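Q: Please find one structure pasted underneath; my questions will follow.
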Amino acid sequence: MNKTINLEEIEPSACSIMRCCLNGNDKSYYLWNNAKSYYTKLRHVLDDIMADTQKDYLYFTFVALSSATLEYSLNLLYAFYCFHQFDYEQYKLYLETYKNMRFKNKLFILPYILSNGKWVINENCKFVKTLDDLIKKRNGLLHNSEKLHVFDFPDIHASIIDDKLYVPIEYSQVEFSLSVEDNIIDTITKENCMDIGNAMFAFYQQILIPFINDGTLNICEFIIAKKGNSKEFPSK
Numbered sequence: 035m036n037k038t039i040n041l042e043e044i045e046p047s048a049c050s051i052m053r054c055c056l057n058g059n060d061k062s063y064y065l066w067n068n069a070k071s072y073y074t075k076l077r078h079v080l081d082d083i084m085a086d087t088q089k090d091y092l093y094f095t096f097v098a099l100s101s102a103t104l105e106y107s108l109n110l111l112y113a114f115y116c117f118h119q120f121d122y123e124q125y126k127l128y129l130e131t132y133k134n135m136r137f138k139n140k141l142f143i144l145p146y147i148l149s150n151g152k153w154v155i156n157e158n159c160k161f162v163k164t165l166d167d168l169i170k171k172r173n174g175l176l177h178n179s180e181k182l183h184v185f186d187f188p189d190i191h192a193s194i195i196d197d198k199l200y201v202p203i204e205y206s207q208v209e210f211s212l213s214v215e216d217n218i219i220d221t222i223t224k225e226n227c228m229d230i231g232n233a234m235f236a237f238y239q240q241i242l243i244p245f246i247n248d249g250t251l252n253i254c255e256f257i258i259a260k261k262g263n264s265k266e267f268p269s270k
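Next up, the structure:
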């Protein structure tokens with residue numbers, strides 16, 4: 035016999051869960067929720083950005099922390115879903131599958147999985163578009179590399195005689211152009227960070243907290259009913 039306990043009943047600041055085996059024939063296990071720590075730090079960095087604190091690393095820091103917070107949140111939601119749906123061995127198998135999905139796929143398929151096929155992501159939601167852009171920025175920042183560029187160099191009719199380079203006097207000066215692209219680390223703006231912050235905290239309020247607390251998803255800005263489904267509340 036197993037009993038699932040919300041650890042908030044034991045420790046109000048820890049909205050986590052445990053499953054206790056009451057007859058000694060199975061495993062007892064628990065799952066922590068440390069999302070608040072991520073979002074608290076995210077708020078502190080965003081406050082510095084909004085206060086125009088002159089630190090050139092803040093925008094990069096905010097994007098990196100936001101992407102880490104989003105991925106932690108997605109993994110946590112899948113973990114809570116698997117905790118409620120499966121036993122200990124199945125939990126590990128299914129969670130590993132969800133965690134190994136591409137970052138964007140984790141986000142876009144989340145409502146469908148957590149609602150058992152009733153809800154889907156609202157791709158027209160401004161917050162969803164912002165989080166999608168956050169993932170692209172994160173990939174660009176953390177996996178960036180320089181490209182090899184081809185350019186046009188004028189024919190200066192040079193020749194090599196006795197291992198020496200000879201250039202006609204009329205070509206002693208040449209002109210050519212090189213295209214310069216902004217590095218992604220220099221393109222992030224305060225407005226980008228504010229948009230990301232709004233999307234992240236909306237996700238926290240509309241998706242993370244309701245599912246962690248109640249094990250359900252409801253229609254919100256991020257979520258719409260799957261075509262053919264009525265807007266009924268999903269079962270736990």
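In terms of this note's numbering, the sequence shown opens at residue 35 and continues consecutively.
Here a beta-carbon is modelled for each residue, glycine too, at the ideal position from N, C-alpha and C.
As the structure is a computational prediction, the values presented were derived from the model and not from experiment.
(1) Kindly provide the ranges of any beta strand (DSSP E) runs that are 3 or more residues long and lie completely inside the segment 187-259, ordered along the chain.
(2) At what residues does the beta strand (DSSP E) containing residue 64 begin and finish?
(3) What ranges does the beta strand (DSSP E) occupy inside the segment 116-170, keeping only unbroken runs of at least 3 residues that lie completely in it?
(4) In whole angstroms, give me the CA-to-CA distance for residue 254 and residue 240.
(5) Report buried or exposed for residue 192, applying the criterion of at least 16 other Cβ atoms within 10 angstroms of its Cβ.
(6) By the 10 Å Cβ neighbour count, where 16 or more other Cβ atoms means buried, how is residue 212 classified, buried or exposed?
(7) Of the choices 244, 231 and 251, whose alpha-carbon is the least far from that of residue 99?
(8) With residue 82 as the anchor, note down where its alpha helix (DSSP H) starts and where it stops.
(9) Verify whether the separation of the beta carbon atoms of residue 219 and residue 94 is less than 7 Å.
(10) Should residue 113 go down as buried or exposed, given a rule of 16 or more other Cβ atoms within 10 Å for buried?
(11) For the putative contact between residue 188 and residue 210, defined by C-beta atoms under 8 Å, what is the C-beta separation to the nearest angstrom?
(12) Given this structure, state the Cα-to-Cα distance separating residue 262 from residue 184, to the nearest angstrom.
(13) Identify which residue in 225, 135, 248 and 259 has its Cα closest to the Cα of residue 97.
(14) What does the alpha-carbon distance come out to for the pair residue 125 and residue 89?
(15) Spatial neighbours of residue 140 within its chain, please: CB distance less than 6 Å, with the 5 preceding and 5 following residues excluded, ordered by chain position.
(16) Between residue 102 and residue 161, is the Cβ-Cβ spacing less than 7 Å?
(17) Grab me the residues of residue 156's own chain with a C-beta within less than 8 Å of its C-beta, minus the 5 sequence neighbours each way, in chain order.
A: Let me lay it out:
(1) Complete beta strand (DSSP E) runs here, min 3: 193-195, 198-200 and 257-259.
(2) That run of the beta strand (DSSP E) goes 63-65.
(3) Inside the segment 116-170, DSSP marks whole beta strand (DSSP E) runs of 3 or more residues at positions 153-155, from first to last along the chain.
(4) So the two alpha carbons sit approximately 7 Å from each other.
(5) Exposed, since its Cβ has fewer than 16 Cβ neighbours within 10 Å.
(6) With fewer than 16 other Cβ atoms within 10 Å, it is exposed.
(7) Comparing Cα-Cα distances from residue 99 to each of 244, 231 and 251, the minimum goes to 231.
(8) Annotation for residue 82: the continuous alpha helix (DSSP H) segment containing it runs 69-84.
(9) Their beta carbons are under 7 Å apart, which means residue 219 touches residue 94 by this criterion.
(10) Label assigned to residue 113: buried.
(11) Contact annotation, residue 188 with residue 210: C-beta distance approximately 6 Å; criterion of less than 8 Å satisfied.
(12) Their Cα atoms are separated by approximately 52 Å.
(13) Answer by Cα proximity: 225.
(14) In a straight line, the C-alpha of residue 125 is about 43 Å away from that of residue 89.
(15) Cβ neighbours of residue 140 beyond the five flanking positions: 108.
(16) Annotated as distal: residue 102 and residue 161, with beta-carbon spacing of 7 Å or more.
(17) Hits under 8 Å: 162, 255, 256, 257 and 258.
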